[in-house]
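Protein sequences appear in the order of chains F and U. The first sequence begins at 1 in our numbering and counts up one residue at a time. The second sequence begins at 1001 in our numbering and counts up one residue at a time. Here a beta-carbon is modelled for each residue, glycine too, at the ideal position from N, C-alpha and C.
Protein chains: 2
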Amino acid sequence: MSAYLNDSFLENDEAMLHVSDLSMQRGYAVFDFFRTINGIPLFITDHLDRFYASAIGLHLIVRKKNGELATIIHELIKRSSLSEAGIRIMLTGGYSSDNYHPAEPNLLITCNPVKTATGADFERGYSIITHEYQRELPHIKNINYIMAVWLQPLMKEKQADDILYFRNGIITEFPRSNVFIITKDKKLVTPAHNILAGVTRKNVLAMAAEKMDVEKRDITTEELMNAAEVFLTSTTKRILPIVKIDNKIIGNGKPGKITTVLYQTFLELEDSFVESVSR
Amino acid sequence: MSAYLNDSFLENDEAMLHVSDLSMQRGYAVFDFFRTINGIPLFITDHLDRFYASAIGLHLIVRKKNGELATIIHELIKRSSLSEAGIRIMLTGGYSSDNYHPAEPNLLITCNPVKTATGADFERGYSIITHEYQRELPHIKNINYIMAVWLQPLMKEKQADDILYFRNGIITEFPRSNVFIITKDKKLVTPAHNILAGVTRKNVLAMAAEKMDVEKRDITTEELMNAAEVFLTSTTKRILPIVKIDNKIIGNGKPGKITTVLYQTFLELEDSFVESVSR
């Protein structure tokens, strides 16, 4: 049993929706995604808070209270027997009678094996390209990634690991990750507007604020290209250095010192989170 | 039997996909939609051509040739026993192993009862509002209608029947319909860029070109508001007059003369299409 639909636990291969669901008719659904370590869901409170906020953003009602949802997720993790898993929780526009207007939402939770970035990935760093684009309804974690998937052939052609969006000269985010720069005077800066507020981003900002100056504000593509260090954050990648952007080497082309310290601190934060919950 | 999935005819309630399909993971799918009259699919060649073009646009491969697909659709119509039906044909990014990269596409065709606009709808006309927005990948008929569905509460509040998108002062299209104006000097004009090329639009342009001057070009919101007549076209609405835009009455607030002539000519075109195929 590694899935849950509306009110029932299911086998993973039973996690199906009818084509009349508004996710398939009109791309209308929100979701959230988080990991478990030793069966403990990381930063689940932040993720559930964002899930409810996304649902409200799309005018969808989650019929279950926050606590009920957390209980279901813990039960699902237990039933799945996976100690390291990726949990995806989705709320759709439901089985629409006219294929256009939202109906009673479908709630679908899945629990599957997950791959996270490794220490070797960190050492290698990412080579990325930039692309002018603004996600629609960026504050809402919705299922529209059509541009990200559509751009995959271009990424392959450019041998890029990921793609950073910008609009009118201001960088925003990656399709599934947030971006940070470290300026030459050692400030940590991340975009403030027109982005999805990542949970890893939030944790990195909080832990960095104890060590250094932190700013949330617009960053131009020019400032990005001249940054001392650049990295991305996400649930599965934690902190990953960006060492090349549109063929320009960032810093000395290796993970920066401050990025490395933040990465190690983040790994410790994960450990202490798991420990505090296990205790 | 009123559905078809990959290689099999199914009952409608079996038309389901697993949540790992890229349509539900990332909103990645194309589709097309057309009607039948007396069991005859209207303008099916145009719709299938556009479906293949949309698939190519999203880098997805339709494993069936055009003729095979037409044969399946005719068989599906027969099995459904519906004489007036809406056929939806969808091709998704498939069951993705990492929930991000496209896999073997899923092809899903459904055949359901359909409602079309009536003569009374035509007489009443539509009251609409405008909204600044540009559809992503507009030439590709993809499932991303998140903005259209998200705007439904606003439409209700404004008591609007539909919403016309514009960008930088240039009008483009409705979420599911194309827009036309008739200028004071009796030219028929419709937007040329950043739109989905509707099949009804194509037919209206061709039949109007025999009677009047026709232009495909940019239309400003100002020109729209001062047009002699405005109407929309779509598969289910055929031709529908726009009588009010953002609370400004268009013309005398009733269906215009030229719009009415085009509507009658379009009804005749439908009849003659059905007749020519039935013969």
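Exercise for the section: Examine chain F for any beta-carbon lying closer than 8 Å to the beta-carbon of serine 1023 of chain U, and answer yes or no. Expected result: yes
Problem - Unbroken beta strand (DSSP E) run spanning serine 2 of chain F, endpoints - result: From DSSP, serine 2 of chain F is part of no beta strand (DSSP E); its letter is neither H nor E.
Problem - Spatial neighbours of serine 244 of chain F in its chain, beta-carbon cut-off 6 Å, leaving aside the 5 residues before and after - result: For the sequence presented, residue 244 of chain F should be read as lysine rather than serine. Once the five neighbours on either side are set aside, the close Cβ partners of lysine 244 of chain F are Ser127.
Practice task
Would you mind telling me which residues of chain U sit closer than 8 Å to alanine 209 of chain F, beta carbon to beta carbon, in chain order?
Solution key: Within 8 Å Cβ-Cβ: nothing; alanine 209 of chain F doesn't reach chain U, min ~32 Å.
Exercise for the section: Thinking lysine 141 of chain F and aspartate 246 of chain F are a contact (beta carbons under 8 Å), I'd like their distance in whole angstroms, please. Expected result: About 27 Å separates the two Cβ atoms, so there is no contact after all.
Exercise for the section: For glycine 1125 of chain U, count neighbouring Cβ atoms within 10 angstroms of its own Cβ and tell me buried if that reaches 16, exposed if not. Expected result: buried
Practice task
Kindly indicate which residue of F/Phe231, F/Thr172, F/Lys202 has the alpha-carbon position closest to the one of aspartate 218 of chain F.
Solution key: F/Thr172
Exercise for the section: Given a cut-off of 8 Å, decide if leucine 1022 of chain U and serine 1096 of chain U are closer than it, judged by their beta-carbon atoms. Expected result: yes
Problem - Beta-carbon proximity check, glycine 1094 of chain U vs asparagine 1106 of chain U, cutoff 8 Å - result: yes
Practice task
Use the C-beta contact count for aspartate 1162 of chain U: other C-beta atoms within 10 angstroms, 16 or more gives buried, fewer gives exposed.
Solution key: buried
Practice task
Go through the segment 1120-1179 of chain U residue by residue and report every complete run of the beta strand (DSSP E) that reaches 3 residues or more, in order.
Solution key: 1126-1132, 1162-1167
Exercise for the section: Can you give me the start and stop residues for the beta strand (DSSP E) that leucine 224 of chain F sits inside? Expected result: No beta strand (DSSP E) holds leucine 224 of chain F; the alpha helix (DSSP H) holding it covers 221-225.
Handout entry: Nearest-angstrom beta carbon gap, threonine 1183 of chain U and alanine 1228 of chain U [assumed within contact, 8 Å]
Key = 6 Å
Practice task
Out of F/Ile239, F/Ile73, F/Ala29, point me to the one whose CA is closest to serine 54 of chain F's CA.
Solution key: F/Ala29
Handout entry: Given 8 Å, three or more beta-carbon pairs between the segment 1147-1164 of chain U and the segment 1268-1277 of chain U
Key = no
Exercise for the section: Give a yes or no on whether the minimum CB-CB distance between glycine 1093 of chain U and chain F is below 8 Å. Expected result: yes
Practice task
Go ahead and pull the three-state DSSP assignment for serine 1234 of chain U.
Solution key: strand
Practice task
Check the Cβ-Cβ distances between arginine 26 of chain F and every residue of chain U, and say whether any is below 8 Å.
Solution key: yes
Practice task
Determine the burial state of lysine 1237 of chain U: buried for a count of at least 16 other Cβ atoms within 10 Å of its Cβ, exposed for fewer.
Solution key: buried
Problem - Under 8 Å (Cβ pairs) to chain F, residues found in the segment 1118-1151 of chain U - result: Glu1136, Leu1137, Asn1142, Ile1143, Asn1144, Tyr1145, Ile1146, Met1147, Ala1148, Val1149, Trp1150
Practice task
Measure the alpha-carbon distance for threonine 1130 of chain U versus threonine 1221 of chain U and round it to whole angstroms.
Solution key: 9 Å
Problem - Below-8 Å beta-carbon distance, histidine 47 of chain F vs any chain U residue - result: no
Handout entry: Test: valine 1199 of chain U CB closer than 8 Å to a CB of chain F
Key = no
Problem - Local conformation of lysine 1216 of chain U per DSSP, three classes - result: strand
Problem - Whether asparagine 1194 of chain U touches leucine 1232 of chain U by CB criterion (8 Å) - result: no
Practice task
Compare the C-beta of valine 1019 of chain U against all C-beta atoms of chain F and say whether one is closer than 8 Å.
Solution key: yes
Exercise for the section: Measure the Cβ-Cβ separation of valine 19 of chain F and leucine 1267 of chain U and say whether it is below 8 Å. Expected result: no
Exercise for the section: Decide if serine 8 of chain F is buried, meaning its Cβ has at least 16 other Cβ atoms within 10 Å, or exposed. Expected result: exposed
Practice task
Can you tell me which of the three DSSP states asparagine 99 of chain F falls into?
Solution key: coil
Exercise for the section: Starting from aspartate 1271 of chain U, trace the alpha helix (DSSP H) both ways and give me its first and last residue. Expected result: 1257-1278
Problem - Counterpart residues of serine 8 of chain F in DSSP-defined beta bridges - result: F/Leu5
Practice task
Determine whether the Cβ of methionine 16 of chain F lies closer than 8 Å to any Cβ atom of chain U.
Solution key: yes
Problem - arginine 26 of chain F, buried or exposed, once every other Cβ within 10 Å from all chains shown has been counted against 16 - result: buried
Handout entry: According to DSSP, residues forming a beta bridge with alanine 29 of chain F
Key = F/Thr92
Problem - Sub-8 Å separation of valine 1230 of chain U and isoleucine 1242 of chain U beta-carbons - result: yes
Exercise for the section: Go ahead and label leucine 1262 of chain U buried or exposed: buried means 16 or more other beta carbons lie within 10 angstroms of its beta carbon, across all protein chains shown. Expected result: buried
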